[in-house]
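Under my numbering, the first residue of the sequence shown is numbered 25, with each subsequent residue one higher.
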Amino acid sequence: MIDTHAHLDLADFDHDRKDLFIKMREQGITGAIIPGINELQWQKQIAVATEFNCYFALGIHPWYIPTNLEKSLTLLEQKISKYQGNDYFVALGECGLDKLKPDFTMQLELLSGQLELANQFNLPVIMHGVKCHQELCSLLAKYPNSKGGVIHGFYGGPELAKRYIDLGYKLGIGGLLMNPNAKKLRKTIIEIDIKHFLIETDSPSMTPFNATEKRNTPLQIPNFITEIADLQKKTTVFILERLNENASQLFEL
Ligand SMILES: [Zn+2]
């Protein structure tokens, strides 16, 4: 099994990254997809992915709006060209929209540019969407992507889930599902077919409410799988197999 969304390149992991990967592999977590966040981080991100045999995506996160959009999109295009065909390079992202962060107009422009690049290079997309579902759904409809993608860190109810599924996207399920108060999300997991989900942690963020360590890590993944199995009344083996299939299919792993 892999964690389909973990920022293992960030400095939070610099002091114990090797140990963490040893522990992950002891638990059967063979790796992760490390999403891109901005041009300053791509180099370290790819170095970490290479050292630890992880998959990676390239993109610009909406929290890191560049000062020169056009220049950054050109850099992204060049970087993607360079890694196109590399077995470990699997998607465009992380990109998206976040109403809780500034420069929403710039965010829209940056995302449009990245959705165009995804189509140009025939890549699935790793999407961050917070409090902007109307705008995000319209953009995804405007730039249909035959490879699809994932709405990572999904927190909505079944209605919203179906809108994204109809647009060709899967839903990234993470630590929020462990919170009994996350009623909408837990309803989604009960009602929606497992084939639409991916499993992820968003480490080091999104630490589950009941975790002992403040920093989130991929070691949480088995707990999430047990919780989904309980909610869907299936065995953990069944859930794990489906989730592996979904990730392999979307990212062509
Ligand atoms: Zn992320």
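Every residue gets a Cβ at the ideal spot worked out from N, C-alpha and C, and that includes glycine.
Small disclaimer: the values here were computed from a predicted structure and weren't measured.
message = With a threshold of 7 Å (Cβ to nearest heavy atom), would Thr148 be considered close to ligand 1?
response = Here residue 148 refers to the residue found at position 124 when the sequence shown is read from its first residue. Just to set this straight, residue 148 is Pro in the shown sequence, not Thr. Result no, Cβ not under 7 Å from ligand 1.
query = Using the beta-carbon count (16 or more within 10 Å), is Gly60 buried or exposed?
reply = Taking the first residue of the sequence shown as position 1, residue 60 is located at position 36. With 16 or more Cβ atoms within 10 Å of its Cβ, Gly60 is classed as buried.
key: Candidates Asn203, Leu195 and Leu147, of which the one nearest Leu223 by Cα   = For the purposes of this step, residue 223 is taken as residue 199 along the sequence shown, with counting starting at 1. For the sequence presented, residue 223 should be read as Ile rather than Leu. Per the Cα distances, Leu195.
query = How about Ala71 and Leu32: do their beta carbons lie closer than 8 Å?
reply = Mapped onto the sequence shown, residue 71 falls at position 47. Mapped onto the sequence shown, residue 32 falls at position 8. Judged by beta-carbon spacing, Leu32 lies beyond the 8 Å limit of Ala71, meaning their Cβ atoms are not closer than that value.
ask   = So is the beta-carbon of Glu183 under 7 Å away from any non-hydrogen atom of ligand 1?
value = Your numbering for residue 183 matches position 159 in the sequence shown. Because no heavy atom of ligand 1 lies under 7 Å away, the Cβ of Glu183 does not count as near it: no.
key: Closer than 7 Å: Asp36 CB and nearest ligand 1 heavy atom   = To locate residue 36, count along the sequence shown from 1; it is residue 12. Asp36 Cβ: outside cutoff for every heavy atom of ligand 1.
message = What does the alpha-carbon distance come out to for the pair Pro126 and Tyr107?
response = Taking the first residue of the sequence shown as position 1, residue 126 is located at position 102. Taking the first residue of the sequence shown as position 1, residue 107 is located at position 83. For Pro126 and Tyr107, the distance between alpha carbons rounds to 31 Å.
inquiry  = I'd like to check one pair, Ser227 with Asn247: are the Cβ atoms closer than 8 Å?
reply    = Taking the first residue of the sequence shown as 1, we reach residue 247 at position 223. Taking the first residue of the sequence shown as 1, we reach residue 227 at position 203. Their beta carbons are not under 8 Å apart, which means Asn247 does not touch Ser227 by this criterion.
ask   = Which whole-angstrom value is the C-beta distance of Gly173 and Met151, which I expect to be below 8 Å?
value = One-based indexing of the sequence shown puts residue 173 at position 149. One-based indexing of the sequence shown puts residue 151 at position 127. Approximately 6 Å separates the beta-carbon atoms of Gly173 and Met151; this is inside 8 Å, confirming the contact.
key: Alpha carbon of Lys47 to alpha carbon of Lys208, nearest angstrom   = Residue numbering aside, residue 47 sits at position 23 when the sequence shown is read from its first letter. Residue numbering aside, residue 208 sits at position 184 when the sequence shown is read from its first letter. Each residue's alpha carbon lies about 32 Å from the other.
request  = Starting from Ala115, follow its DSSP beta bridges and name the residues at the other end.
outcome  = By one-based count along the sequence shown, residue 115 stands at place 91. Beta bridge pairing from DSSP links Ala115 with Ala81.
Of the listed residues Leu97, Ala165, Ala115 and Val149, nearest to Glu133 (C-alpha basis) = For the purposes of this step, residue 133 is taken as the residue at position 109 of the sequence shown. Of the listed residues, the one whose Cα sits closest to Glu133 is Leu97.
For Tyr193: DSSP bridge partner residues = The residue you call residue 193 lines up with position 169 of the sequence shown. Its beta-bridge partners are Gly173.
query = How about Asp226: is its Cβ closer than 7 Å to a heavy atom in ligand 1?
reply = Here the question's residue 226 lines up with position 202 in the sequence shown. In this structure, Asp226 has its beta carbon less than 7 Å from a heavy atom of ligand 1.
request  = Excluding the 5 residues preceding and the 5 following Ala30 in the sequence, name in chain order all residues of the same chain whose CB lies nearer than 6 Å to its CB.
outcome  = As a position in the sequence shown, residue 30 is number 6, starting the count at 1. Close CB contacts of Ala30 within its chain, under the 6 Å cut and outside five residues either way in sequence, are with Ala56, Thr225, Ser227 and Pro242 (chain order).
key: Tyr179 vs Leu200 beta-carbon contact at 8 Å   = Along the sequence shown, read from residue 1 onward, the residue named residue 179 stands at position 155. Along the sequence shown, read from residue 1 onward, the residue named residue 200 stands at position 176. In this structure, Tyr179 lies near Leu200, with their beta-carbon atoms less than 8 Å apart.
ask   = How should Arg210 be labelled, buried or exposed, when 16 other C-beta atoms within 10 angstroms of its C-beta is the threshold for buried?
value = As a working mapping, residue 210 is identified with position 186 in the sequence shown. Classification of Arg210: buried, given that the 10 Å Cβ count is 16 or more.
inquiry  = Quick check: what's the CA-CA separation for Tyr79 versus Lys103?
reply    = Along the sequence shown, read from residue 1 onward, the residue named residue 79 stands at position 55. Along the sequence shown, read from residue 1 onward, the residue named residue 103 stands at position 79. Roughly 15 Å separates the two Cα atoms.
message = When you measure from the CB of Pro59 to every non-hydrogen atom of ligand 1, does any distance come out below 7 Å?
response = Within the sequence shown, numbered from 1, the residue matching residue 59 stands at position 35. Yes, ligand 1 has a heavy atom inside 7 Å of this Cβ.
query = Within 7 Å: the Cβ of Glu118 and any heavy atom of ligand 1?
reply = Counting from 1 along the sequence shown, the entry for residue 118 is found at position 94. It does: the Cβ of Glu118 is within 7 Å (strictly closer) of some heavy atom of ligand 1.
task = Please list the segments of the beta strand (DSSP E) lying wholly inside the segment 196-254, counting only runs of 3 or more residues, in order along the chain.
result = Entirely contained in the segment 196-254, the beta strand (DSSP E) runs reaching 3 residues are, in chain order, 221-223.
inquiry  = Using a Cβ-Cβ cutoff of less than 6 Å, which residues in the same chain neighbour Asn62 once the five nearest sequence positions on both sides are dropped?
reply    = Within the sequence shown, residue 62 is the residue found at index 38, counting from 1. Counting only residues of its own chain and dropping the five nearest sequence neighbours on each side, Asn62 has a CB closer than 6 Å to the CB of Ile84 and Tyr88.
key: Cα-Cα separation, Leu277 to Lys258   = Here residue 277 refers to the residue found at position 253 when the sequence shown is read from its first residue. Here residue 258 refers to the residue found at position 234 when the sequence shown is read from its first residue. If you take the alpha carbons of Leu277 and Lys258, they lie about 25 Å apart.
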